Every structure is written in structure tokens, then in C-alpha cells.
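Enquirer: Here the sequence shown is numbered in this note's numbering, starting from 41 and rising by one per residue. Questions regarding the structure given below will be posed in turn.
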Amino acid sequence: MDLEKVLADNIENLSAIGSDPTGGMTRLLYTDSWLEAQKFVETQLTNAGLTASFDEVGNLFGRVEGTKYPEETILSGSHIDTVVNGGNLDGQFGVIAAYVAIQYLLETYGKPLRSLEVISMAEEEGSRFPTVFWGSKNFVREAKRADVEEIADFEGKKFVDEMHRQGFDFRDESTPKREDIRAFVEIHIEQGNVLENEELQIGVVNNIAGQRRYTIVLKGEANHAGTTPMGYRKDAVYGFSKICSEIIDRALVVGDPLVVTFGKVEPKPNTVNVVPGEVLFTMDCRHTDKDVLKNFTEEAEALMKEVAEKHQLDIDIDLWMDETPVPMNEEIVATVEKAAKEENMKYKVMHSGAGHDSQIIAPHYPSAMIFVPSIKGISHNPAEATNHEDLVAGVKVLARALYELAYKE
């Protein structure tokens with residue numbers, strides 16, 4: 041098997057499905073291009089010697105039974121959906137890498153002792169409907185019918201109608217989660233520039249950072265920019281600037297892996313000759329330690345209130361996301377690290393600052409992740425790219441890890 045060519049051909053062919061005329065790929069949950077992509081993967085799974093099947097919601101599986109321990113399953117895969125105008129690696133590389141690695145193992149070593157399985161998850165991105173991780177949450181039995189029954193996409197098409205249109209339906213929520221999964225290994229592009237900057241080929245992920253996201257509104261008083269003396273102003277932008285500057289300064293003192301971002305800022309009335317009377321802004325804060333994350337953000341909230349009071353501003357703070365960090369399984373992480381060493385890869389053990397399907401699966405089944413470098417750290421963008429030799433390196437490490445988990449006593 042020419043692993044390099046098989047991998048390149050699969051990436052090229054799958055990337056053609058959902059290619060966007062404005063650039064990149066757009067393949068959203070329950071669209072025709074999404075189903076076409078899943079059907080393409082189904083064919084590749086069959087060609088690789090796996091038995092393919094869909095679950096009720098559209099997750100796709102490819103399985104080969106173990107010869108000695110068929111009731112123990114080693115799982116690998118990722119998601120098949122994309123963001124709007126996304127790149128050709130996020131998500132789908134993890135799906136392709138999984139079945140290419142397993143095809144290589146079957147052709148090289150024959151059938152495994154434990155069952156090997158690929159999962160191509162229906163959805164992760166939340167790009168069409170206001171829901172995320174629909175695929176993995178259904179897999180681990182966390183998804184709730186009530187959460188999506190009334191939602192629709194940006195065109196007003198209802199989630200339920202689109203799901204039924206593609207031939208899928210809700211799962212039976214009374215069915216228990218699977219008990220046969222012994223390990224899950226997901227490979228993904230880094231979506232950051234750490235590996236590239238440190239000239240490494242592989243990241244062995246041991247933790248997915250927790251996230252806290254806020255929407256904050258500061259209210260002062262809009263007034264004439266020429267006739268309102270500086271000492272009389274209730275300038276909401278000035279208050280925001282103090283908050284932004286002081287919190288970022290504190291984050292720099294705390295240091296990695298803490299990150300904080302003020303990504304959205306909307307002043308009102310947002311015109312050149314009026315003192316801004318209101319600012320809506322967001323804060324995204326992440327860390328791998330839940331206590332550090334909680335303490336830092338609570339201190340940030342207190343600072344915001346102090347600044348607001350000092351500058352005679354009203355403040356409303358809405359914490360609307362509070363996701364705790366998710367550690368990977370130490371034994372599976374050690375297996376992946378051993379595989380990287382045996383393949384003579386330049387690697388590091390690192391955390392993920394972005395969310396992944398693994399954060400949903402890890403609390404239920406022993407899990408780990410493999411990262412490959414992203415050129416310039418670009419992702420969710422048509423310019424998303426990874427050197428092909430790094431993609432191949434990732435598949436080799438994945439294959440060796442799956443060999444350790446599925447072929448050895």
C-alpha cells in the first residue's frame with residue numbers, strides 16, 4: 041500500500057465534495073453535500089475492508105471484528121462537517137487518516153485481536169444550526185431531542201425537517217451507551233502554530249482546555265464630543281479600554297496556558313463626534329486547570345465591576361459558556377507518545393486550546409489526540425494547510441498507536 045498516495049488521493053477526492061465557489065469548502069449538517077461526503081466515506085470504508093453502517097442520526101461507522109477480543113473496540117475518527125468557507129483538513133483529515141491507517145494495518149498485519157472501528161461523526165462545528173457536537177453527543181448518549189426540536193438554520197429550515205429529508209431520525213434515548221469501547225484516538229490539525237514554530241511533526245495531546253465565555257455590556261452616557269468636558273464624561277469605550285488592558289496584562293503575568301481574548305466589540309452610537317454611551321463586548325478565557333480558569337475569570341469579573349463603578353458606568357455580565365477542561369487518558373496518551381518515539385518523530389506533549397469531539401468522548405471512554413502542524417496556524421479558512429509529509433507522519437503515528445491497542449495482548 042502506497043500510504044502517501046492513498047492519503048493524498050482521499051483528501052483530494054473528499055475535498056471536492058462541498059467545494060465552495062467563493063473558496064474553500066462548505067459542508068453543513070444534513071445538506072446534500074454533507075450526505076454525499078458521508079456516502080463517499082462509506083464507500084472508502086468498504087474498500088478498506090470494513091463493514092460500514094450509519095446510526096440513527098447520521099454518524100457513520102466502519103468496523104472490522106477482532107479475532108480474539110471482538111467485544112473490545114479501538115475507535116478512531118473525527119467529524120465530516122465543515123464551517124462555511126472552511127479548509128480541507130479540519131475534521132475530515134481525522135476521518136480519512138483513521139480508515140487509511142486501519143487499511144494499512146489490515147494489509148500489513150491481517151485482522152486485529154481487538155475490533156477496530158472508524159467513526160465519521162455527523163456534526164461538530166455548529167455552523168448551520170445552533171447546536172454543536174451533535175455527532176459525538178449522540179454517540180455517548182448526551183444529545184437530547186428537546187434541544188433541537190424547535191431550532192432552524194439561517195434560512196429558516198428546521199433541524200428536524202432537514203434530518204428527516206436526508207433519511208435520518210432521532211435515536212431512542214432509552215438505549216444505553218456502548219460498553220465495548222476501550223480507547224478512542226482522534227487525529228487533527230493543530231489549528232495553531234506551536235508545532236510549526238518549534239519545528240515539530242507531532243503533538244501528543246494530554247488535555248483540552250476549559251473555556252469560559254462572556255458577553256458584557258457597559259452603559260454610560262452618549263454626549264457631544266465637542267461640548268462635553270473630559271471630566272464630565274461617562275465614556276463606555278474608555279471603561280472598556282481599561283478593562284481590556286488590565287485583564288490582558290494580568291493574563292500575561294499568569295502566563296501559558298492561560299489565554300484571554302476580547303474578540304467582539306460594539307460601541308454605540310459608533311460615530312466620530314459622539315462620546316460612546318454603550319459598549320457590548322465579549323471575553324473568551326481558556327486554561328487547562330479548572331481552578332485557575334475559575335479564579336482568573338472571577339477576578340476579571342470583579343475588576344470589571346470596579347472599573348465600571350469608578351467611571352460611573354452600569355455593567356451587565358453574562359457568563360454563557362462554562363466548559364471545564366477535559367484531560368485525556370494517561371495510558372492512551374502514553375501509547376501515542378510511545379508510537380511517536382518508535383516512528384522517530386519530533387514531538388511534544390501539549391494541550392489543545394480548541395474544542396474537539398474528544399472532549400465529549402473522553403469523559404466516557406479512554407481517549408487521546410494526535411496533532412499535526414498547521415501552516416501559520418491557519419484554520420477555518422480556505423488557506424488552511426499542512427505539509428503532506430506531516431500528514432503522513434501523523435497517519436503513521438496513528439497506525440502504530442492503533443497497532444499497540446488492537447494487535448497486542
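Cβ atoms here follow ideal geometry from the backbone N, Cα and C, with glycine treated the same way. Since the model is a prediction, treat every value here as computed from it, not as a measurement.
Could you check whether Glu157 and Phe101 sit closer than 7 Å to each other, using their CB atoms as the reference points?
Expert: In this structure, Glu157 lies closer than 7 Å to Phe101 by Cβ.
Enquirer: So, with DSSP's three-state summary, where would you put Val435?
Expert: Residue state, collapsed to three classes: helix.
Enquirer: Assuming contact is defined by CB atoms lying nearer than 7 Å, are Gly58 and Asn125 in contact in what I supplied?
Expert: Against a cut-off of 7 Å, the Cβ pair of Asn125 and Gly58 comes out as no contact.
Enquirer: Shortest alpha-carbon distance to Leu146 belongs to which of His119, Glu165, Glu338 and Glu105?
Expert: Nearest of His119, Glu165, Glu338 and Glu105 to Leu146, Cα basis: Glu105.
Enquirer: Output the distance between the C-alpha atoms of Val332 and Ser93, rounded to the nearest integer angstrom.
Expert: Computed Cα separation, rounded: 43 Å.
Enquirer: Name the one or two DSSP bridge partners that Asp362 has.
Expert: Asp362 is bridged to Arg252.
Enquirer: Span of the beta strand (DSSP E) holding Tyr109?
Expert: That run of the beta strand (DSSP E) goes Tyr109 to His119.
Enquirer: Would DSSP call Asn427 helix, strand or coil?
Expert: Reduced to three states, the DSSP call for Asn427 is coil.
Enquirer: Need the endpoints of the alpha helix (DSSP H) that Gly134 sits in, please.
Expert: Gly134 -> alpha helix (DSSP H) spans Gln132 to Tyr149.
Enquirer: So the candidates are Asp72, Phe199, His228 and Ile288; which of them puts its Cα closest to the Cα of Ala138?
Expert: Selected option, being the one with the closest Cα: His228.
Enquirer: Would you identify the three-state DSSP class for Arg326, choosing helix, strand or coil?
Expert: Strand at Arg326.
Enquirer: Terminal residues of the continuous beta strand (DSSP E) containing Glu306?
Expert: Unbroken beta strand (DSSP E) run through Glu306: Val305 to Lys308.
Enquirer: Please report how far the alpha carbon of Val315 lies from the alpha carbon of Ala276, in whole angstroms.
Expert: So the alpha carbons of these two residues sit roughly 8 Å apart.
Enquirer: Tell me whether Lys436 is buried or exposed, calling it buried when 16 or more other Cβ atoms sit within 10 Å of its Cβ.
Expert: Buried: at least 16 other Cβ atoms inside 10 Å.
Enquirer: Taking Ala162 and Gly207 to be in contact with their CB atoms under 8 Å, please state how far apart those CB atoms are, rounded to whole angstroms.
Expert: Not quite, the Cβ-Cβ distance comes to about 12 Å (not below 8 Å), so this is no contact.
Enquirer: If you measure between the beta carbons of Leu353 and Glu286, is that distance less than 7 Å?
Expert: No. Outside cutoff.
Enquirer: Enumerate, from N- to C-terminal direction, the unbroken beta strand (DSSP E) stretches of 3 or more residues contained entirely within the segment 216–301.
Expert: Entirely contained in the segment 216–301, the beta strand (DSSP E) runs reaching 3 residues are, in chain order, 221–229, 242–248, 250–259 and 299–301.
Enquirer: On the DSSP bridge assignment, give the partners of Arg154 in chain order.
Expert: DSSP, once it has assigned bridges, lists Tyr109 as partnering Arg154.
Enquirer: Along the chain, which unbroken stretches of the alpha helix (DSSP H) at least 4 residues long are found entirely within the segment 47–112?
Expert: Fully enclosed alpha helix (DSSP H) runs of 4 or longer: 72–87.
Enquirer: Please go through the same chain and pick out, in chain order, the residues whose beta-carbon is closer than 6 Å to the beta-carbon of Thr328, but skip the five residues on each side of it.
Expert: For Thr328, where only same-chain residues beyond five positions count, the Cβ hits under 6 Å are Asn247, Ala249, Pro297, Pro365 and His391.
Enquirer: Beta carbon of Phe169, beta carbon of Asp187: below 7 Å?
Expert: No. Outside cutoff.
Enquirer: Going along the chain, which unbroken runs of the alpha helix (DSSP H) with 4 or more residues stay wholly within the segment 350–413?
Expert: Qualifying alpha helix (DSSP H) stretches, in chain order: 370–382 and 397–401.
Enquirer: Just tell me which of Lys386, Lys184 and Val140 has its CA closest to the CA of Glu236.
Expert: The shortest Cα separation from Glu236 among Lys386, Lys184 and Val140 belongs to Lys386.
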